[in-house]
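Written below as structure tokens is the structure these notes are about.
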Amino acid sequence: MKKTMSIIFGAMLMLMLAACSQTADPVDKKDESKQGTSAEKEKANKEKESELTLEDVFKKSEEANKDVKSFKAKISMKQAVEAAGEKQDINSDIDMAFVTEPMAMHQKMTMTLDGQKQEINSYLTKDGFYMYEPTQKMWMKLPEELSGQILQMSEGQSNPSGQLDQLKEFVNEFDFKQDDKNYILTLKADGDKFDKFLKDSVKDALPSDMQAEGLMSGMKFNKVDYEVFIDKETFYLNALNMVMEMSTDVEDQKMNMQMDMKSTYSDYNAVKDKDVEVPKEALENAQEIDMNQAGGQ
């Protein structure tokens, strides 16, 4: 299960979009029209509409994100995992602060599993992966090899728009719209062609010893819907929503997972090193987890 969830969360990060030759249509204004929108307001809305094509937006976003040094993210995620006739509901609210070079992250997560709430405070830097265990009131540290693997996975995903090339081959599948503030890119990634692409993307993102061949071959993405909001002025990613349904075989048993994730991004280049610095208490007192005794949990 540990390897399965590593791959799932790797897949969650394969999220950014590509280029097209159509201009963005305005979002549906029906509700606004019902309220008697004035001619002046309609004219003002029209003036805010952009003639940029999706290809233009892609290029400008790619260029803007070359200079991203830090950012914050808020993620709300609902998951339903069904395996061996049992179903678990997992709800998570996550606040993250990133610095991209060298990659460092501070994450505060509140996770509710089958009605039980747990708060997890963690840091990932070149010093390792540190996590505060609230039930035992102590800091814990992952073994260097494992924290190195997590750092390797995270480095390639530390820029929220850093994977703009990922879906170029599916350019004709995009729906491209705009509102007053955002370019809105949506994609319904279902079918065999997307299933292969998503599995290949996950495999490329994971360290080699996490690429369990049997697990990868038994994995199937039944549905992945993306909704991406790119700021019209800065061309930074403002928000990203994803709905995913996937299945895989774990120890000869079928596992199904549904996930609904909503994320927002802010404070570009405003996060300081101190915001992601591992506390002195953790560096001095953390106990390293024995993965053999932990049973790979």
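Residue 43 is where the sequence shown starts when you use this note's numbering, and the numbers rise one by one after that.
Note that beta-carbon positions come from the ideal geometry of N, C-alpha and C, so glycine has one too.
Residue i to residue j span [Cα, whole Å]
| i | j | result |
| --- | --- | --- |
| residue 116 | residue 284 | 14 angstroms |
| residue 135 | residue 309 | 18 angstroms |
| residue 237 | residue 263 | 5 angstroms |
| residue 294 | residue 287 | 19 angstroms |
| residue 1 | residue 140 | Since the first residue of the chain shown is 43 and the last is 339, residue 1 is not available in this structure. |
| residue 176 | residue 229 | 39 angstroms |
| residue 322 | residue 281 | 33 angstroms |
| residue 74 | residue 215 | Per-residue confidence for residue 74 stands at a pLDDT of 48, beneath the threshold of 50, marking its modelled position as unreliable; the derived number appears in the next sentence. Their Cα atoms are separated by approximately 28 angstroms. |
| residue 185 | residue 329 | 10 angstroms |
| residue 159 | residue 142 | 30 angstroms |
| residue 101 | residue 138 | 27 angstroms |
| residue 278 | residue 305 | 14 angstroms |
| residue 348 | residue 223 | Given that the chain is displayed from residue 43 to residue 339, the structure contains no residue 348 and the question cannot be resolved. |
| residue 156 | residue 148 | 26 angstroms |
| residue 127 | residue 311 | 46 angstroms |
| residue 289 | residue 118 | 22 angstroms |
| residue 163 | residue 270 | 28 angstroms |
| residue 239 | residue 219 | 24 angstroms |
Test item: CB-CB of residue i and residue j under 8 angstroms
| i | j | result |
| --- | --- | --- |
| residue 318 | residue 165 | yes |
| residue 268 | residue 113 | no |
| residue 69 | residue 221 | yes |
| residue 103 | residue 331 | no |
| residue 300 | residue 122 | yes |
| residue 133 | residue 150 | no |
| residue 232 | residue 265 | yes |
| residue 152 | residue 161 | yes |
Reference residue i, options the options, closest by Cα
| i | options | result |
| --- | --- | --- |
| residue 327 | 120, 182 and 105 | 182 |
| residue 96 | 114, 217, 324 and 118 | 217 |
| residue 302 | 279, 311, 131 and 313 | 131 |
| residue 146 | 171, 225, 239 and 322 | 171 |
| residue 94 | 143, 290, 232 and 226 | 226 |
| residue 106 | 159, 276 and 304 | 276 |
| residue 129 | 324, 153 and 297 | 297 |
| residue 324 | 180, 304 and 270 | 180 |
| residue 167 | 144, 270 and 239 | 144 |
CB-CB length for residue i against residue j, believed under 8 angstroms
| i | j | result |
| --- | --- | --- |
| residue 92 | residue 274 | 6 angstroms |
| residue 169 | residue 313 | No, residue 169 and residue 313 are not in contact; Cβ-Cβ is about 18 angstroms, not under 8 angstroms. |
| residue 261 | residue 241 | 6 angstroms |
Sheet register partners of residue i (DSSP bridge)
| i | result |
| --- | --- |
| residue 150 | 137 and 163 |
| residue 278 | For residue 278, which the question treats as bridged, DSSP gives no partner whatsoever. |
| residue 268 | 229 and 284 |
| residue 218 | 227 |
| residue 178 | None, per the DSSP bridge assignment. |
| residue 313 | Answer is none; residue 313 lacks a bridge partner. |
| residue 291 | 296 |
| residue 170 | 167 |
| residue 155 | 132 and 158 |
| residue 331 | Partner(s): none; residue 331 has no beta bridge. |
| residue 124 | 129 and 298 |
| residue 1 | The requested residue 1 is not part of the displayed model; the chain covers only 43 to 339. |
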